[in-house]
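When the count follows my numbering, it moves up by one through the sequence shown with no breaks and lands on 519 for the last residue.
Every residue gets a Cβ at the ideal spot worked out from N, C-alpha and C, and that includes glycine.
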Amino acid sequence: MTPPPAPAGTASTPASDSAPSRPPDLPQLPEARRALRRAACQVLLGNWTGSSTVPSHGLYPHQWSWDSAFIAIGLRHLSPVRAQQEVETLLGAQWGDGRVPHIVFNRAVPLDAYFPSPDFWRSSSAGATAGAPRTVETSGVVQPPVHALAAWLVHSADPGTSARRGFLARVYPRLVAWHRYLADHRDLGGHGLAAVVHPWEPGMDNSPCWDGPLARIEPAAAGTFRRADLVHGTAADRPTDLDYGRYVRLAAEYRDHGYRDAEAPHSFAVEDPGFNALFLASEYALARIAEVLDGDPGLHRQRAAALTEALVERLWSPEAGQFLCRDLRAEAVGDAAVDGHGGRLVAERSAAGLLPLVAPELPRHIVETLLHTVSGEHYGLGTTVRLLPSYDLRGAAFDRCRYWRGPAWFNVNWLLERGLRQHGESACADALAAEVLRAAAASRFAEYLDPYTGQGRGARDFSWTAALALDLLARDPACAAPAPRTGVPAAASGAAPHIPAPAPVPAPEKGPVNR
Ligand code: 9WN
Numbered sequence: 005m006t007p008p009p010a011p012a013g014t015a016s017t018p019a020s021d022s023a024p025s026r027p028p029d030l031p032q033l034p035e036a037r038r039a040l041r042r043a044a045c046q047v048l049l050g051n052w053t054g055s056s057t058v059p060s061h062g063l064y065p066h067q068w069s070w071d072s073a074f075i076a077i078g079l080r081h082l083s084p085v086r087a088q089q090e091v092e093t094l095l096g097a098q099w100g101d102g103r104v105p106h107i108v109f110n111r112a113v114p115l116d117a118y119f120p121s122p123d124f125w126r127s128s129s130a131g132a133t134a135g136a137p138r139t140v141e142t143s144g145v146v147q148p149p150v151h152a153l154a155a156w157l158v159h160s161a162d163p164g165t166s167a168r169r170g171f172l173a174r175v176y177p178r179l180v181a182w183h184r185y186l187a188d189h190r191d192l193g194g195h196g197l198a199a200v201v202h203p204w205e206p207g208m209d210n211s212p213c214w215d216g217p218l219a220r221i222e223p224a225a226a227g228t229f230r231r232a233d234l235v236h237g238t239a240a241d242r243p244t245d246l247d248y249g250r251y252v253r254l255a256a257e258y259r260d261h262g263y264r265d266a267e268a269p270h271s272f273a274v275e276d277p278g279f280n281a282l283f284l285a286s287e288y289a290l291a292r293i294a295e296v297l298d299g300d301p302g303l304h305r306q307r308a309a310a311l312t313e314a315l316v317e318r319l320w321s322p323e324a325g326q327f328l329c330r331d332l333r334a335e336a337v338g339d340a341a342v343d344g345h346g347g348r349l350v351a352e353r354s355a356a357g358l359l360p361l362v363a364p365e366l367p368r369h370i371v372e373t374l375l376h377t378v379s380g381e382h383y384g385l386g387t388t389v390r391l392l393p394s395y396d397l398r399g400a401a402f403d404r405c406r407y408w409r410g411p412a413w414f415n416v417n418w419l420l421e422r423g424l425r426q427h428g429e430s431a432c433a434d435a436l437a438a439e440v441l442r443a444a445a446a447s448r449f450a451e452y453l454d455p456y457t458g459q460g461r462g463a464r465d466f467s468w469t470a471a472l473a474l475d476l477l478a479r480d481p482a483c484a485a486p487a488p489r490t491g492v493p494a495a496a497s498g499a500a501p502h503i504p505a506p507a508p509v510p511a512p513e514k515g516p517v518n519r
């Protein structure tokens with residue numbers, strides 16, 4: 005892969021996609037970078053609710069699982085203690101079976117502010133036998149396991165405070181239980197990868213990769229639910245009503261089986277390369293955590309290596325030049341099993357299939373192929389676009405505006421940057437980091453972007469965009485203001501604003517099953 009060149013206004017976009025001339029490279033200037041840092045801090049302070057951070061007050065007014073992990077990764081540069089709280093609040097809602105729910109509901113938010121609301125999920129009653137907490141309401145599905153990676157990075161930002169507060173010792177058993185849940189309850193294919201059972205689980209809700217598997221699901225009738233997302237989001241950006249009907253059907257089916265994986269039919273079951281790549285990256289993080297706690301890192305490294313192997317064995321497609329999703333239910337409805345692994349690879353290219361670049365032990369020929377794919381015609385990074393799109397630019401379902409069907413997302417680009425750096429592609433990683441910062445500044449921390457024009461879409465002041473910008477800025481000595489001590493007022497230099505004394509970490513309601 006060549007470093008993204010994209011000089012001012014020269015990106016070769018389709019004729020109709022006249023890319024705006026590139027704005028002055030604002031974030032390159034020290035003062036602009038400090039201003040960006042201050043603005044990112046303000047977003048995180050504004051979205052903080054007292055014990056965690058909402059992705060966005062309007063569209064997503066509760067705590068989301070993988071959002072919180074990304075948010076903590078940025079928040080650690082503003083307040084390591086607050087970043088620890090972010091992670092611990094989420095883990096405080098962990099279920100007895102080890103699952104970390106994808107939403108933790110804030111009871112102070114009106115029920116109609118977000119759908120599906122707590123009265124749809126009914127976690128504390130319907131999920132009782134799976135160990136759902138009794139005093140907090142949550143969803144019943146999960147999101148990608150980025151949490152151990154986040155916990156490790158949060159600890160590393162201020163190991164002294166972390167040790168004094170016993171942060172790692174508290175979160176480690178919970179993170180182990182979370183990974184064990186995925187290994188024991190979600191290996192639906194039986195070969196070592198975790199399967200997602202709802203399109204919300206991989207975090208890329210309406211990726212075209214789900215179109216095939218979802219086509220078999222009978223949608224819930226239109227009048228039986230009321231979407232709240234369209235009050236805040238543009239319909240052209242959001243999933244369709246038909247997709248929503250299917251999401252609702254799947255979630256209700258899971259709920260009606262008590263969220264018990266052994267009994268739920270899981271009519272949607274997919275092995276997703278992004279989800280499993282983050283799973284293995286988090287196993288490596290658990291190894292680092294175990295080392296600090298004088299535990300046994302070996303087991304975690306073995307699991308990470310086994311996940312890498314299973315990922316390559318089951319999801320690598322040399323023809324596509326990337327990893328693909330495996331639809332585990334394809335056979336069940338009579339589709340031919342073509343490769344003897346059970347189910348069928350989904351013939352759609354999504355950015356999730358590039359995320360295994362975060363795996364440190366990926367075979368070199370695969371790394372090289374992925375690098376080639378990233379800048380090739382399907383993703384065009386550095387040639388036709390400046391940030392990685394979420395889906396194949398040439399795919400039949402490509403839509404530059406609609407959610408995960410084309411737009412560029414900041415968390416995906418942050419993960420790619422990390423993967424590039426890990427495999428020695430520092431020039432590309434530097435160039436991508438600069439583009440991420442430029443786009444974050446230009447879009448007022450948008451939720452996602454039109455990959456061709458860079459125009460911001462979805463929510464603004466979106467938390468993970470601000471957090472991950474903060475993380476990239478923290479590498480710059482001009483911006484890396486020392487983490488403020490509680491009660492220290494903001495310095496004029498771009499140091500973080502005043503952070504009030506933290507509220508006590510909520511005591512977890514019930515301990516995770518830690519077998
Ligand atoms: C459903 C919160 C979440 C992200 C997901 C993103 C979107 C929710 C929605 O927002 O999903 O979980 O209502 O569309 O797809 O990745 O975690 O930011």
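Worksheet item: Roughly how many angstroms lie between the CA atoms of R242 and N415, to the nearest whole one?
Response: Translated into the one-based positions of the sequence shown, residue 242 becomes position 238. Translated into the one-based positions of the sequence shown, residue 415 becomes position 411. Taking the straight line from one Cα to the other gives about 18 Å.
Practice prompt. Output the boundary residues of the alpha helix (DSSP H) element that contains N210.
Written response: Along the sequence shown, read from residue 1 onward, the residue named residue 210 stands at position 206. Taken as a continuous stretch (DSSP letters only), N210 belongs to no alpha helix (DSSP H), as it is neither H nor E.
Discussion item. Just checking G207 against the ligand 9WN - is the residue's beta carbon closer than 6 Å to any of the ligand's heavy atoms?
Written reply: Reading the sequence shown from its first residue, position 203 is the one you call residue 207. Yes, Cβ of G207 sits closer than 6 Å to a heavy atom of the ligand 9WN.
Discussion item. Is W68 near the ligand 9WN - that is, is its Cβ less than 6 Å away from at least one heavy atom of it?
Written reply: On the sequence shown, position 64 is the one that residue 68 refers to. Checking the Cβ of W68 against the ligand 9WN gives yes.
Worksheet item: Does the Cβ-Cβ distance between D331 and R318 come in under 7 Å?
Response: Translated into the one-based positions of the sequence shown, residue 331 becomes position 327. Translated into the one-based positions of the sequence shown, residue 318 becomes position 314. No, they are not a contact pair.
Practice prompt. Just list the beta strand (DSSP E) runs in the stretch 55-109, keeping only unbroken ones of 3 residues or longer that don't cross its boundaries, in chain order.
Written response: none
Worksheet item: Under the three-state reduction of DSSP, which class applies to P34: helix, strand or coil?
Response: Within the sequence shown, residue 34 is the residue found at index 30, counting from 1. Here P34 sits in helix by DSSP.
Worksheet item: Can you find a heavy atom of the ligand 9WN that lies under 6 Å from the Cβ of Y64?
Response: Start at 1 with the first residue of the sequence shown, and residue 64 comes out as number 60. Within the cutoff, so yes.
Worksheet item: How would you label S129, buried or exposed, when you count the other beta carbons within 10 angstroms and need 16 or more for buried?
Response: Position 125 of the sequence shown, counting from 1, holds the residue named residue 129. Answer is exposed; the Cβ neighbour count stays below 16.
Worksheet item: In three-state DSSP terms, what is D215?
Response: For the purposes of this step, residue 215 is identified with residue 211 of the sequence shown, where counting begins at 1. Three-state DSSP puts D215 in a helix.
Worksheet item: DSSP beta-bridge partners for T142?
Response: To locate residue 142, count along the sequence shown from 1; it is residue 138. According to DSSP, which records beta bridges pairwise, T142 is partnered with V108.
Worksheet item: D465: beta carbon under 6 Å from a heavy atom of the ligand 9WN?
Response: As a first step, residue 465 must be located in the sequence shown, where it is residue number 461. D465: no, Cβ never under 6 Å from the ligand 9WN.
Discussion item. What I want to know is whether the C-beta of D265 ends up closer than 6 Å to one or more non-hydrogen atoms of the ligand 9WN.
Written reply: In the sequence shown, residue 265 corresponds to position 261, counting from 1. Checking every heavy atom of the ligand 9WN against the Cβ of D265, none is found closer than 6 Å.
Worksheet item: Going by alpha carbons, who is nearest to P105 out of T312, G78, H151?
Response: In the sequence shown, the residue the question calls residue 105 occupies position 101. Checked all of T312, G78, H151; the closest Cα to P105 is H151.
Worksheet item: Between the beta-carbon of W468 and the beta-carbon of D71, is there less than 7 Å?
Response: Working through the sequence shown from its first residue, we reach residue 468 at position 464. Working through the sequence shown from its first residue, we reach residue 71 at position 67. Cβ distance < 7 Å, so W468 and D71 count as in contact.
Discussion item. Residues in the same chain with beta-carbon distance under 8 Å from Y64, minus the five sequence neighbours each way, listed in chain order, please.
Written reply: Position 60 of the sequence shown holds residue 64. These residues qualify, in order along the chain: V58, D71, Y118, A463.
Practice prompt. Return yes when the Cβ of T312 is within less than 7 Å of the Cβ of A363, no when it is not.
Written response: Against the sequence shown, residue 363 aligns to sequence position 359. Against the sequence shown, residue 312 aligns to sequence position 308. Result yes, Cβ atoms of A363 and T312 sit closer than 7 Å.
Practice prompt. With hydrogens ignored, establish whether the beta-carbon of D116 is closer than 6 Å to any heavy atom of the ligand 9WN.
Written response: Your numbering for residue 116 matches position 112 in the sequence shown. The answer is no for D116.
Fill in: Residue burial classification, E439 (beta-carbon count within 10 angstroms, cutoff 16)
By 1-based counting over the sequence shown, the position of residue 439 is 435. Classification for E439: buried.
Discussion item. Tell me which residue opens and which closes the alpha helix (DSSP H) that W468 is part of.
Written reply: Walking along the sequence shown from the start, residue 468 turns up at place 464. Unbroken alpha helix (DSSP H) run through W468: 467-477.
Worksheet entry | Buried/exposed call for A134, threshold 16 Cβ in 10 Å | Taking the sequence shown and counting its residues from 1, one reaches residue 134 at position 130. A134 is buried by the Cβ-count criterion.
Discussion item. For S321, list the residues DSSP reports as bridge partners.
Written reply: Reading the sequence shown from its first residue, position 317 is the one you call residue 321. Bridge partners of S321: Q326.
Worksheet item: Nearest-angstrom Cα distance between W182 and Q67?
Response: Here residue 182 corresponds to residue number 178 of the sequence shown, with the count starting at 1. Here residue 67 corresponds to residue number 63 of the sequence shown, with the count starting at 1. Distance between the alpha carbons of W182 and Q67 is about 17 Å.
Worksheet item: Given that a residue counts as buried once 16 or more other Cβ atoms are within 10 Å of its Cβ, and exposed if not, what is D247?
Response: Walking along the sequence shown from the start, residue 247 turns up at place 243. D247 is buried by the Cβ-count criterion.
Worksheet item: Just to check, is the beta-carbon of W52 closer than 6 Å to a non-hydrogen atom of the ligand 9WN?
Response: Along the sequence shown, one-based indexing puts residue 52 at 48. W52 Cβ: outside cutoff for every heavy atom of the ligand 9WN.
Discussion item. Shorter than 6 Å, the distance from the beta carbon of D71 to the closest heavy atom of the ligand 9WN, or not?
Written reply: By 1-based counting over the sequence shown, the position of residue 71 is 67. Result yes, Cβ under 6 Å from the ligand 9WN.
Discussion item. Tell me whether W204, by its Cβ, gets closer than 6 Å to a heavy atom of the ligand 9WN.
Written reply: Here residue 204 refers to the residue found at position 200 when the sequence shown is read from its first residue. Because some heavy atom of the ligand 9WN lies under 6 Å away, the Cβ of W204 counts as near it: yes.
Worksheet item: Whose C-beta lies closer than 6 Å to the C-beta of E513 among residues of the same chain, with five residues either side of it excluded?
Response: For the purposes of this step, residue 513 is identified with residue 509 of the sequence shown, where counting begins at 1. Note that E513 scores 41 on pLDDT, short of 50, meaning its location in the model is unreliable; the coordinates nonetheless yield the value given after this. Result list for E513: P137, T139, in chain order.
Worksheet entry | Of the listed residues D233, A309, M208, R442, nearest to C329 (C-alpha basis) | For the purposes of this step, residue 329 is taken as the residue at position 325 of the sequence shown. Answer by Cα proximity: M208.
Worksheet item: Taking C-alpha atoms, which residue in A412, R404, H376, G423 lies nearest to L392?
Response: Taking the sequence shown and counting its residues from 1, one reaches residue 392 at position 388. The shortest C-alpha separation from L392 is found at A412.
Worksheet item: If you draw a straight line from the alpha carbon of A443 to that of P269, how long is it in whole angstroms?
Response: Locating residue 443 in the sequence shown gives position 439, counting from the first residue. Locating residue 269 in the sequence shown gives position 265, counting from the first residue. About 42 Å.
Worksheet item: Shortest alpha-carbon distance to L315 belongs to which of L290, P277, Q306, A132?
Response: As a first step, residue 315 must be located in the sequence shown, where it is residue number 311. Considering only alpha carbons, the answer is P277.
Worksheet item: Taking the Cβ atom as the reference point for each residue, do A437 and E421 lie within a distance shorter than 7 Å?
Response: The sequence position of residue 437 within the sequence shown is 433, counting from 1. The sequence position of residue 421 within the sequence shown is 417, counting from 1. Closer than 7 Å, so yes.
Discussion item. Within the continuous alpha helix (DSSP H) that includes Q459, where are the two ends?
Written reply: By 1-based counting over the sequence shown, the position of residue 459 is 455. Element bounds for Q459: n/a, residue is neither H nor E.
Item to complete: State yes or no: is the beta carbon of A314 nearer than 7 Å to at least one beta carbon in chain B?
Response: Reference to chain B is not applicable here, since this structure consists of a single protein chain.
Fill in: the ligand 9WN heavy atom lying under 6 Å from the CB of P59
Looking up residue 59 in the sequence shown gives position 55. Yes, since a heavy atom of the ligand 9WN falls inside the 6 Å radius drawn around the Cβ of P59.
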